[in-house]
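Novice:
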Ligand SMILES: [Zn+2]
């Protein structure tokens, strides 16, 4: 405010001074005479002043002209920007202004404004690396895929923007679900910038999904080398990839390669059950029984698993059930209280037709951790011991409704898989399966509802005498009709009393998650024996 006032006053002052000065000069008598090359020019004082001003103006124009000619000369000698620099200062300023506004609009999510400003900037500025990116991003924000793709493709032509262009195209292809093109683009991006972490992740996922195990392994190595992944995680992932490789080789009937890859997977992660199971099986097939047994025992110490039991059985496929029961003892002794150990021991005793031994091995597992498997084993024991049909049917009816027990469950989407796979079948995540109880989602009672006559008959009170545990095994001349649900043991049937089980009697397994499962079945009929046991 004050400054404006001062400016006005100054202007008036200057104008007044000029008028006064001009008046003074006009009134001043005399003249200016210039003698030049024999000629003499005489000017009035005012005329002289005007001439002076004209001279100054002419000098300025000449200087500008010289600058312009110089710019043209530089342009002609190859300096492309010289002439445009001469003309386009203003244009450039407006261009950068448009870029600024576009970026602000982009950040604020105002798609239309951002796009309009980006287009203006593209027209005003000769900075394709900047304006292409801006236009591609605004097009992406507006959901204009074709436009975005066109700009990203243009960006591939410039070294400076090639990587960003590939990234943009990759993003679009992933959005479209075109994983084949996406994989090629990710490989291209990896070639340009091998240390770029998001690219490595994307590339690894795409390779794993398309079962390109050797490619995935290269990516993994690069990732570990870029130290963007802890060494132990890298090791575990490499084990998973090696195992996947081994399986693929087995499918191709390339035994040698399968062996090598499976052994490598087991070496990298000795407690990784699927790798241990396969490595042990392949060692057993090659006649290296001790090696196979060592691998199974090592993995069993961490996690007893039916697949490991199957591999251990495969070491001597033709042995008698009693010999097998005996051979398994050192393995079973590693984790004697584990439910898996107890169920495997039960199975082994059943195949050897040692029913009291089977009952001792199973203990109270059918009550404390009722699963289809433990209940079916119980039914087989009852059957083998010659219990009445109603009792056997009671256990089987319970088995129908019981949870399936542990499975390979995806940590991300909770999908339960029958066999281990490197990639979840539902969410396609890599190495997310762990051996655990699936979340209880299945509605209890549905299976029982499908057998109303059997289950209904069981609901009527049955005044039967309880068959006791000490029924001699010899009485059970009928071998069990129902096999245990796992395939972990061969079904050789030789009658004998293996009395190897002197360790399992009352056990208190702490299997989590089974209590609730049991609650849901409380209203169901219980076989006579269980009422006593509970
Ligand atoms: Zn999943």
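Numbering (the numbering used here), first residue to last: 1467 to 2000.
Beta carbons: idealized from backbone N, C-alpha and C, even for Gly.
Tell me the rounded alpha-carbon separation between residue 1574 and residue 1558.
Specialist: 24 Å
Novice: Kindly list the residues whose CB is nearer than 7 Å to the CB of residue 1898, restricted to its own chain and excluding five residues on each side of it in sequence; keep chain order.
Specialist: 1876, 1877, 1878, 1890
Novice: Please classify residue 1491: is it buried, with 16 or more other beta-carbons within 10 angstroms of its beta-carbon, or exposed?
Specialist: It is exposed - the Cβ of residue 1491 has fewer than 16 other Cβ atoms within 10 Å.
Novice: Among the residues of its own chain, which have a CB less than 7 Å from the CB of residue 1797, if the five just before and after it don't count?
Specialist: 1762, 1763, 1766, 1778
Novice: Report yes if the C-beta of residue 1881 is less than 8 Å from at least one heavy atom of ligand 1; otherwise report no.
Specialist: yes
Novice: Terminal residues of the continuous alpha helix (DSSP H) containing residue 1778?
Specialist: 1772–1779
Novice: So, using beta-carbon positions, are residue 1776 and residue 1747 closer together than 9 Å?
Specialist: Result yes, Cβ atoms of residue 1776 and residue 1747 sit closer than 9 Å.
Novice: Could you give the DSSP three-state label for residue 1585: helix, strand or coil?
Specialist: helix
Novice: When the Cβ atoms of the stretch 1632–1642 are set against those of the stretch 1612–1619, are three or more pairs found closer than 8 Å?
Specialist: yes
Novice: Quick one: grab the DSSP three-state call for residue 1886.
Specialist: coil
Novice: Rounding to the nearest angstrom, what Cα-Cα distance links residue 1904 and residue 1729 in this structure?
Specialist: 30 Å
Novice: Do residue 1885 and residue 1874 have their beta-carbon atoms positioned less than 9 Å apart in this structure?
Specialist: Note that the C-beta distance between residue 1874 and residue 1885 is below 9 Å.
Novice: Rank 1804, 1827, 1773, 1758 by C-alpha distance to the C-alpha of residue 1791 and give the top, closest one.
Specialist: 1827
Novice: Mind checking residue 1651: buried by the 16 CB within 10 Å criterion, or exposed?
Specialist: Burial call: buried.
Novice: Classify residue 1864: buried if its beta carbon has 16 or more other beta carbons within 10 angstroms, exposed otherwise.
Specialist: buried
Novice: Would you report the Cα separation of residue 1527 and residue 1501, rounded to the nearest angstrom?
Specialist: 26 Å
Novice: At a threshold of 8 Å, does residue 1895 count as lining ligand 1 (C-beta to nearest heavy atom)?
Specialist: yes
Novice: Skipping 5 residues on each side, what residues in its chain have a beta carbon closer than 8 Å to that of residue 1801?
Specialist: 1766, 1767, 1770, 1807
Novice: Tell me the DSSP secondary structure of residue 1891 in three-state form.
Specialist: coil
Novice: Would you say the stretch 1695–1713 touches the stretch 1679–1686, given that touching needs at least three Cβ pairs under 8 Å?
Specialist: yes
Novice: Identify, in the order they occur along the chain, each residue of the same chain with its Cβ nearer than 6 Å to the Cβ of residue 1952, setting aside the five sequence neighbours on each side.
Specialist: Annotation note: pLDDT 41 at residue 1952 (below 50); position unreliable, coordinate value reported separately. These residues qualify, in order along the chain: 1772.
Novice: If we count the other Cβ atoms within 10 Å of its Cβ and call it buried at 16 or more, is residue 1679 buried or exposed?
Specialist: buried
Novice: I need the straight-line Cα distance from residue 1625 to residue 1524, nearest angstrom please.
Specialist: Cα to Cα, the separation comes out at about 48 Å.
Novice: With distances taken between CB atoms, is the gap from residue 2009 to residue 1586 smaller than 9 Å?
Specialist: Coverage of the chain is limited to positions 1467 through 2000, which leaves residue 2009 absent and any answer about it impossible.
Novice: Does the Cβ of residue 1783 have 16 or more other Cβ atoms within 10 Å, making it buried, or fewer, making it exposed?
Specialist: Residue 1783 is exposed by the Cβ-count criterion.
Novice: Given a cut-off of 9 Å on the beta-carbon distance, is the pair residue 1809 and residue 1856 in contact?
Specialist: no
Novice: Label residue 1520 either buried or exposed according to how many other C-beta atoms from any shown protein chain fall within 10 Å of its C-beta, with 16 as the threshold for buried.
Specialist: exposed
Novice: Pull up the CB-CB distance for residue 1675 and residue 1894, whole angstroms please, since I reckon it's below 8 Å.
Specialist: Indeed, because the Cβ distance is near 5 Å, the residues count as touching under 8 Å.
Novice: Determine the direct distance from the alpha carbon of residue 1846 to that of residue 1948, and round the result to whole angstroms.
Specialist: Low confidence applies to residue 1948: its pLDDT is 41, below 50, so where it sits in the model is not reliable, and the reading given next is rough at best. About 6 Å.
Novice: Taking 9 Å as the threshold (C-beta atoms), are residue 1715 and residue 1723 in contact?
Specialist: yes
Novice: Should residue 1535 be labelled buried (16 or more other beta-carbon atoms within 10 Å of its own) or exposed?
Specialist: exposed
Novice: Please check the pair residue 1605 and residue 1581, which I expect to be a contact at CB under 8 Å, by giving their CB distance rounded to whole angstroms.
Specialist: 7 Å
Novice: Any idea which residues DSSP pairs residue 1896 with across the strands?
Specialist: 1889
Novice: Between the C-alpha atoms of residue 1805 and residue 1672, what's the straight-line distance to the nearest angstrom?
Specialist: Roughly 38 Å between the two C-alpha positions.
Novice: Answer yes or no: do residue 1851 and residue 1821 have a C-beta to C-beta separation smaller than 9 Å?
Specialist: yes
Novice: Helix, strand or coil: which one does DSSP assign to residue 1571?
Specialist: helix
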